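Numbering (my numbering) for the sequence shown: 395 to 690.
Think of the CB as a built atom: it goes at the ideal place given N, C-alpha and C, for glycine as much as any other residue.
Remember, predicted model here, so these are calculated numbers, not experimental data.
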Amino acid sequence: VFESEFKHVEGQVATFAGLTELHQYRSISAKAKDISEKLSEFVSRSRDFNSKEKMMELAITEYFKVKALQKKFQPYDDLWTTTNAWRQSEKVWYHGPFLNLDSTAVLGKHSLYEKTIKKCLKQKLIRDNDELADIAGVILAEIRKSKPHLPLVANLRHTGMRPRHWTALSLQLEEKLKPDQSTRLLDLIEIFSLDDHVAEIVELGEVCKKEYAIETALKTMKSKWEGVEFTFGSHEATGSFILKEVEDITNQLDEHIIQTQTMQFSSFKKVFEEEIQQWNDKLRMCTDVIEQWLIL
Numbered sequence: 395v396f397e398s399e400f401k402h403v404e405g406q407v408a409t410f411a412g413l414t415e416l417h418q419y420r421s422i423s424a425k426a427k428d429i430s431e432k433l434s435e436f437v438s439r440s441r442d443f444n445s446k447e448k449m450m451e452l453a454i455t456e457y458f459k460v461k462a463l464q465k466k467f468q469p470y471d472d473l474w475t476t477t478n479a480w481r482q483s484e485k486v487w488y489h490g491p492f493l494n495l496d497s498t499a500v501l502g503k504h505s506l507y508e509k510t511i512k513k514c515l516k517q518k519l520i521r522d523n524d525e526l527a528d529i530a531g532v533i534l535a536e537i538r539k540s541k542p543h544l545p546l547v548a549n550l551r552h553t554g555m556r557p558r559h560w561t562a563l564s565l566q567l568e569e570k571l572k573p574d575q576s577t578r579l580l581d582l583i584e585i586f587s588l589d590d591h592v593a594e595i596v597e598l599g600e601v602c603k604k605e606y607a608i609e610t611a612l613k614t615m616k617s618k619w620e621g622v623e624f625t626f627g628s629h630e631a632t633g634s635f636i637l638k639e640v641e642d643i644t645n646q647l648d649e650h651i652i653q654t655q656t657m658q659f660s661s662f663k664k665v666f667e668e669e670i671q672q673w674n675d676k677l678r679m680c681t682d683v684i685e686q687w688l689i690l
């Protein structure tokens with residue numbers, strides 16, 4: 395049964411050299427996925443067979459053909475799987491809601507698609523097949539054509555992007571930019587020509603990232619004080635109470651005061667200036683109170 399199933403898949407793999415119609419990429423990708431899964435299953439089954447042979451102290455059968463076929467099929471699988479993934483991503487990125495885009499995911503996938511297709515073009519099976527090499531070339535060109543738009547996604551979909559940044563960009567470009575769920579990346583390119591203002595957007599992105607770092611640091615510091623409580627112990631000689639185990643608290647106070655002072659010198663503090671000052675005052679007040687308690 396294993397042999398007959400393997401030969402059937404082997405025959406299917408052989409047909410991939412003749413599958414050269416790019417417009418059929420969805421169906422070809424589905425076939426590639428099915429074959430890839432079957433080949434993985436064959437590898438798993440061959441390992442199970444070897445395990446049983448070992449347990450029964452029988453000669454170990456080598457399944458060279460299985461591994462060889464899996465290796466042979468990889469370039470086809472990479473080409474069609476990536477082509478399908480790229481075309482789907484391209485549709486979502488350009489025609490879906492811009493505010494739903496995850497900049498990290500977009501940049502990561504784009505890089506992976508380009509890397510995989512470039513690898514395909516170096517594979518002999520693809521390189522020596524003019525039709526498949528042309529398909530890989532077309533897809534690589536599509537991927538590279540979208541590359542100049544990546545800074546728009548990377549900066550305008552940064553986690554720290556806030557309405558104030560869109561307002562600042564609107565004033566700078568003299569355009570009313572207020573994206574909602576109906577706004578697409580294609581709109582930002584075709585209607586507002588944001589791809590002509592990449593330098594300004596990258597500069598805004600840097601401000602956004604620096605401000606986000608301050609915002610995040612403030613939230614992190616404050617969260618570290620949640621649930622922190624002083625421990626008191628009785629002082630037998632006087633019948634009063636004294637602070638115990640304050641070293642961790644004072645160390646954290648010192649650390650946060652230094653961190654807050656650094657923020658106060660930042661050229662990106664303006665939005666958080668009042669909050670930073672209030673936090674600094676609170677930390678110093680806590681330090682002063684603890685020092686007085688320890689003296690007493």
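Cα-Cα separation between residue i and residue j, rounded to whole angstroms
| i | j | result |
| --- | --- | --- |
| L501 | S540 | 11 Å |
| F410 | K459 | 18 Å |
| R481 | A593 | 28 Å |
| R678 | I651 | 7 Å |
| E484 | I533 | 11 Å |
| F344 | E569 | Only positions 395 to 690 of the chain appear in this structure, which leaves residue 344 out of reach. |
| A548 | T476 | 22 Å |
| I670 | D496 | 29 Å |
| I520 | G405 | 18 Å |
| P542 | S617 | 39 Å |
Residue environment, residue i, which counts as buried when at least 16 other CB atoms sit within 10 Å
| i | result |
| --- | --- |
| S423 | buried |
| V596 | exposed |
| E584 | exposed |
| I529 | buried |
| L688 | exposed |
| R420 | exposed |
Sequence-distant residues of the same chain with beta carbon closer than 8 Å to residue i, five excluded per side
| i | result |
| --- | --- |
| K503 | A479 and S483 |
| S505 | none |
| V407 | I429, L463, K466, F467 and Y470 |
Same chain, Cβ closer than 7 Å to residue i, neighbours up to 5 away in sequence not counted
| i | result |
| --- | --- |
| Q575 | P491 and L493 |
| K638 | T625, F626 and G627 |
| E685 | none |
| L598 | N549, H559, A562 and L563 |
Neighbourhood of residue i by C-beta, 6 Å cutoff - its chain only, sequence neighbours within 5 removed
| i | result |
| --- | --- |
| K427 | none |
| V601 | none |
Could you pull out every unbroken alpha helix (DSSP H) segment of at least 4 residues lying fully inside the stretch 535-566, listed in chain order?
Within the stretch 535-566, the complete alpha helix (DSSP H) runs of at least 4 residues are 544-550.
Complete alpha helix (DSSP H) runs within the stretch 594-666 (minimum length 4 residues, chain order)
Whole alpha helix (DSSP H) segments, 4+ residues: 641-658.
Meets three-Cβ-pair contact criterion under 8 Å: the stretch 615-628 and the stretch 656-664
Under the three-pair Cβ rule at 8 Å, the stretch 615-628 does not count as touching the stretch 656-664.
Continuous alpha helix (DSSP H) assignments of at least 4 residues falling wholly in the stretch 461-506:
If we require 4 residues or more, the stretch 461-506 turns out to have no alpha helix (DSSP H) run fully inside it.
Segment contact, 8 Å Cβ cut-off, at least three pairs: the stretch 507-526 with the stretch 395-414:
By the Cβ criterion, the stretch 507-526 is in contact with the stretch 395-414, since at least three pairs of Cβ atoms, one from each stretch, lie closer than 8 Å.
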